[in-house]
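In the numbering used here, the protein residues as written are 11 to 211. One structure is given below, encoded as structure tokens.
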């Protein structure tokens with residue numbers, strides 16, 4: 011019997027509209043995609059979501075790299091404007107997840123920076139989940155097995171009694187290798203069908 015849902019955040023419940031970054035880039039005369047290319051360079055973002063550096067340090071590094079690559083643009087001003095957004099919540103997906111409580115435990119499992127608690131509070135989601143497993147806090151990242159093992163422990167579940175939902179196939183495969191029934195999020199209807207097929211509605 012399923013007693014826990016492990017749910018991803020970005021790409022499932024939270025989305026980042028392209029127009030915000032595009033507007034910031036246009037304001038500072040940068041080409042579309044400049045911020046994402048620098049901020050999410052693998053070696054840079056990995057240090058922030060693993061907890062090796064704080065969110066503040068990551069953003070400062072991004073600002074420095076933007077300033078160096080696009081002088082005389084003020085990299086700090088670019089990052090401050092970009093950082094004003096906390097993304098947008100998919101209210102329909104959120105209602106589906108909230109409907110699972112209190113019959114099962116709902117645990118957020120996300121590769122995120124140390125800013126996550128602030129974003130959740132700002133978005134009104136601080137009390138939405140029974141547990142929050144943030145990679146930068148626990149030191150383990152998806153799709154590695156350690157973060158899933160940790161999420162199962164805090165959820166009071168075993169691999170056979172938990173479900174996992176994520177929008178990235180590598181993370182879904184990582185959970186499946188742990189024996190967790192998993193779903194690649196592509197649509198609200200698909201999510202609802204997955205949950206219903208496991209007796210969660």
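Backbone N, C-alpha and C define an ideal beta-carbon position, used for all residues, glycine too.
Cβ-based neighbour list, residue i, same chain, cut-off 7 Å, excluding 5 preceding and 5 following
{"i": "residue 130", "result": "136"}
{"i": "residue 31", "result": "45, 46 and 92"}
{"i": "residue 128", "result": "none"}
{"i": "residue 186", "result": "192"}
{"i": "residue 42", "result": "32 and 35"}
{"i": "residue 102", "result": "198"}
{"i": "residue 100", "result": "23 and 25"}
Expected contact under 8 Å - CB spacing of residue i and residue j to nearest Å
{"i": "residue 172", "j": "residue 16", "result": "6 Å"}
{"i": "residue 113", "j": "residue 59", "result": "Between residue 59 and residue 113 the Cβ distance is about 31 Å, and since that is not below 8 Å, they are no contact."}
{"i": "residue 210", "j": "residue 12", "result": "6 Å"}
Within 8 Å, strictly: CB atoms of residue i and residue j
{"i": "residue 96", "j": "residue 132", "result": "yes"}
{"i": "residue 150", "j": "residue 157", "result": "yes"}
{"i": "residue 65", "j": "residue 177", "result": "no"}
{"i": "residue 119", "j": "residue 198", "result": "no"}
{"i": "residue 184", "j": "residue 170", "result": "no"}
{"i": "residue 61", "j": "residue 202", "result": "no"}
{"i": "residue 23", "j": "residue 104", "result": "yes"}
{"i": "residue 69", "j": "residue 89", "result": "yes"}
{"i": "residue 67", "j": "residue 86", "result": "no"}
Residues near residue i by beta carbon distance below 8 Å, same chain, minus five either side
{"i": "residue 117", "result": "14, 15, 16, 17, 139, 140, 141, 142, 143, 161, 164 and 165"}
{"i": "residue 98", "result": "24, 25, 26 and 27"}
{"i": "residue 71", "result": "54 and 63"}
{"i": "residue 179", "result": "194"}
{"i": "residue 10", "result": "This structure gives no information on residue 10, because the portion of the chain shown stretches from 11 to 211."}
Residue i, buried or exposed, once every other Cβ within 10 Å from all chains shown has been counted against 16
{"i": "residue 78", "result": "exposed"}
{"i": "residue 35", "result": "buried"}
{"i": "residue 167", "result": "buried"}
{"i": "residue 39", "result": "exposed"}
{"i": "residue 153", "result": "buried"}
{"i": "residue 51", "result": "exposed"}
{"i": "residue 159", "result": "exposed"}
{"i": "residue 206", "result": "exposed"}
Beta bridge counterpart(s) of residue i as assigned by DSSP
{"i": "residue 15", "result": "116 and 173"}
{"i": "residue 192", "result": "174"}
{"i": "residue 144", "result": "120"}
{"i": "residue 99", "result": "24"}
Same chain, Cβ closer than 6 Å to residue i, neighbours up to 5 away in sequence not counted
{"i": "residue 63", "result": "57"}
{"i": "residue 182", "result": "176, 192 and 194"}
{"i": "residue 75", "result": "48"}
{"i": "residue 84", "result": "none"}
Closer than 7 Å: residue i CB and nearest the ligand PLP heavy atom
{"i": "residue 149", "result": "What this structure holds is no ligand at all, so the ligand PLP is not there to describe."}
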